[in-house]
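Novice: Residue numbering for the sequence shown follows our numbering, beginning at 525 and increasing consecutively.
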Amino acid sequence: MANVEECRAALRGLAARLAEMDPQARDRHTIDRTLDCRVRDLGVVFSARLRNGRLEDIHDHPQEDAGPAQVRFTVNSDDLLALVDGRLSFAGAWATGRMKIEASVMDLLRLRRLL
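(1) For the alpha helix (DSSP H) that contains E530, what are its first and last residues?
(2) Going by DSSP, what residues sit across from I625 in a beta bridge?
(3) Below 9 angstroms between beta carbons: does that hold for S601 and V563?
(4) I think L566 touches C531, with their Cβ atoms under 8 angstroms apart; what is that distance to the nearest whole Å?
(5) My guess is that R622 and D609 are in contact by the Cβ rule of under 8 angstroms, so how many angstroms apart are they, rounded?
(6) Sorted by chain position, which residues of the same chain lie with C-beta nearer than 8 angstroms to I555's C-beta, five sequence neighbours on each side aside?
(7) If you follow the beta strand (DSSP E) that A617 is in, where does it begin and where does it stop?
(8) Just to confirm before moving on: does the CB-CB distance between A539 and I582 stay below 9 angstroms?
Have a look at this one:
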């Protein structure tokens with residue numbers, strides 16, 4: 525089981541990769557949403573803002589302190605690390621139940637293209 529710091533580092537790494545994307549490619553998938561990533565086995569939620577193709581304002585807090593978010597992911601810590609480093613696909617994690625997503629269909633399509 526991964527720990528909170530490893531999950532935080534993985535999400536910051538994802539944010540760095542998104543920031544390095546070609547600006548034109550990033551602009552094609554512009555979406556502005558609040559995100560929550562609930563890590564079941566750690567009892568923590570990472571909240572962030574996806575704005576102009578960039579993942580910003582990443583912070584964590586206990587699950588009971590989670591506020592409203594437009595997009596919610598629920599995943600185990602090891603699966604979060606596998607998703608971020610590419611060992612597990614977004615679609616594969618969702619299709620097999622390893623990741624649960626609460627979002628509109630349009631948001632899902634946009635996120636799939638971006639991530």
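The beta carbon of each residue, even a glycine, is placed where N, CA and C say it ideally should be.
Predicted model, so just to flag it, every value in this text is computed and none were measured.
Specialist: Quick answer:
(1) Position 6 of the sequence shown, counted from the start, is the residue given in the question as residue 530. That run of the alpha helix (DSSP H) goes V528 to E544.
(2) Sequence index remark: in the sequence shown, residue 625 carries index 101 (1-based). Listed as beta-bridge partners of I625 by DSSP are F597.
(3) To locate residue 601, count along the sequence shown from 1; it is residue 77. To locate residue 563, count along the sequence shown from 1; it is residue 39. Taking 9 angstroms as the Cβ cut-off, S601 and V563 qualify as a contacting pair.
(4) Locating residue 566 in the sequence shown gives position 42, counting from the first residue. Locating residue 531 in the sequence shown gives position 7, counting from the first residue. About 7 angstroms separates the beta carbon of L566 from that of C531, a gap short enough to meet the 8 angstroms contact definition.
(5) Sequence index remark: in the sequence shown, residue 622 carries index 98 (1-based). Sequence index remark: in the sequence shown, residue 609 carries index 85 (1-based). Their Cβ separation, rounded to whole angstroms, is 15 angstroms, which puts R622 and D609 out of contact at 8 angstroms.
(6) Position 31 of the sequence shown, counted from the start, is the residue given in the question as residue 555. Excluding residues within five positions, the ones whose Cβ falls inside 8 angstroms are L574, G577, D631, R634, L635 and L638.
(7) For the purposes of this step, residue 617 is identified with residue 93 of the sequence shown, where counting begins at 1. Segment F614 to A619 is the alpha helix (DSSP H) holding A617; no beta strand (DSSP E) there.
(8) Here residue 539 refers to the residue found at position 15 when the sequence shown is read from its first residue. Here residue 582 refers to the residue found at position 58 when the sequence shown is read from its first residue. Yes, Cβ-Cβ distance for A539 and I582 is below 9 angstroms.
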